[in-house]
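Peer 1: In our numbering, the protein residues as written are 2 to 124.
Using N, Cα and C, we set each Cβ at its ideal position, and we do this for glycine too.
A quick note: this is a predicted structure, and the numbers were derived from the prediction, not measured.
(1) When the Cα atoms are used, what is the spatial distance from residue 56 to residue 106?
(2) Where does residue 114 fall in DSSP's three states?
(3) Grab the span of the alpha helix (DSSP H) containing residue 54 for me, first residue to last.
(4) Check the C-beta distance from residue 118 over to residue 97 and give it rounded, since I have them as a contact under 8 Å.
(5) Bridge partners of residue 100, per DSSP?
(6) Classify residue 32 as helix, strand or coil using the three-state DSSP reduction.
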């Protein structure tokens, strides 16, 4: 692990308390004057909400009843791995946000269920 750009991963199912843990880390980082970059797993889904519905319908037609957000084919795992590698080395990388609902989407003037554009992380 990089000493200069460490990575802390918090994972869990919806409702497991990951947001609470993330907010606790944010509070600690703010108090200690540590610049942190939050990366949400949802932002590395391959499809937005409409695209996922279409991909699931296509998978169902093809007889694949196991297609879901939890499988590798529905996620950008290579890009996530690249982000962790690049960030650990240089503090740089690309991130975006998945906008779950109207409240999250409003500041971006986008529809819920979409992604913000990719943005470069500044070290």
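Peer 2: Taking the structure as given:
(1) So the alpha carbons of these two residues sit roughly 23 Å apart.
(2) coil
(3) 50–62
(4) 6 Å
(5) 115
(6) Note: residue 32 maps to helix in three-state DSSP.
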